[in-house]
Amino acid sequence: MSMLKGQKLTFVSSDGAKKVEWKQGSFLGFGGDASQYYNECTYKMSGGCLIPVYIQSNFSKPNSFTVDSKCQYGMQNGVIFLVIHDKSQTPYQHRFMMNPTQEWVKSAHDLQKGYTRVDVSWIAGDYLRDFE
């Protein structure tokens, strides 16, 4: 994603907060439940393209910023999105944006987890990526 690094983004709008949940430091899925609220924002690149940016709720929403190593990125359905947060947190990309199949699998998993108390959500996913 070297094309984004160094780009200056300007704040356009905020669409409220989203709770992102994941496993961190669990042993075979036991323990390690983590969650964080993120502000769902839209920023505009200098060329006019809009890009979703998820900002950890206790971080300020800057009017503008330059994409650098403080940001991480993910991609879902051909949409690139940025995340500004405590980088020691390790949610998978699909925790921020899901395609319909992932939403169905999550619903089925949540139902199964309610009955069996077994959480397998940690098994598969792509971590957010750093700008290098």
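Residue numbers (our numbering): 9 to 140. Cβ atoms here follow ideal geometry from the backbone N, Cα and C, with glycine treated the same way.
Suppose contacts are defined by Cβ-Cβ distances below 7 Å. Is residue i in contact with residue j by that definition?
| i | j | result |
| --- | --- | --- |
| Y62 | F19 | no |
| Y45 | S65 | yes |
| L136 | Q101 | yes |
Among the residues of its own chain, which have a CB less than 7 Å from the CB of residue i, if the five just before and after it don't count?
| i | result |
| --- | --- |
| K16 | S54, S72, T74 |
| D4 | The first residue shown for the chain is 9 and the last is 140, placing residue 4 beyond what the model contains. |
| D94 | Q64 |
Helix, strand or coil for residue i? Go by DSSP, reduced to three states.
| i | result |
| --- | --- |
| S21 | strand |
| Q101 | helix |
| Q110 | In this predicted model, Q110 has a pLDDT of only 49, less than 50, meaning its place in the structure is not dependable; the value taken from the coordinates is given anyway. In this structure, Q110 counts as helix in the three-state DSSP scheme. |
| G82 | strand |
| F73 | strand |
| F67 | coil |
| K13 | coil |
| E29 | strand |
| L58 | strand |
Can you list, in chain order, the residues of its chain whose CB lies under 6 Å from that of residue i, leaving out five sequence neighbours each side?
| i | result |
| --- | --- |
| E29 | S43 |
| D23 | E48 |
Note down, in chain order, each residue of its chain lying with its Cβ closer than 8 Å to the Cβ of residue i, except the 5 sequence neighbours on either side.
| i | result |
| --- | --- |
| M11 | none |
| G14 | T74, V75, D76 |
| I88 | M9, L12, I59, Y81, G82 |
Out of curiosity, what's the CA-to-CA distance linking residue i and residue j?
| i | j | result |
| --- | --- | --- |
| I59 | C49 | 8 Å |
| G82 | S68 | 21 Å |
| G141 | P99 | Shown here, the chain extends from 9 to 140; a query on residue 141 therefore has no answer. |
| Y51 | I92 | 13 Å |
| P70 | K26 | 18 Å |
| L90 | G56 | 16 Å |
| E140 | D134 | 17 Å |
Let me check you understand the geometry: is the CB of residue i closer than 6 Å to at least one non-hydrogen atom of the ligand NAP?
| i | result |
| --- | --- |
| S54 | Questions concerning the ligand NAP fall outside what the structure shown contains, since it holds no ligand whatsoever. |
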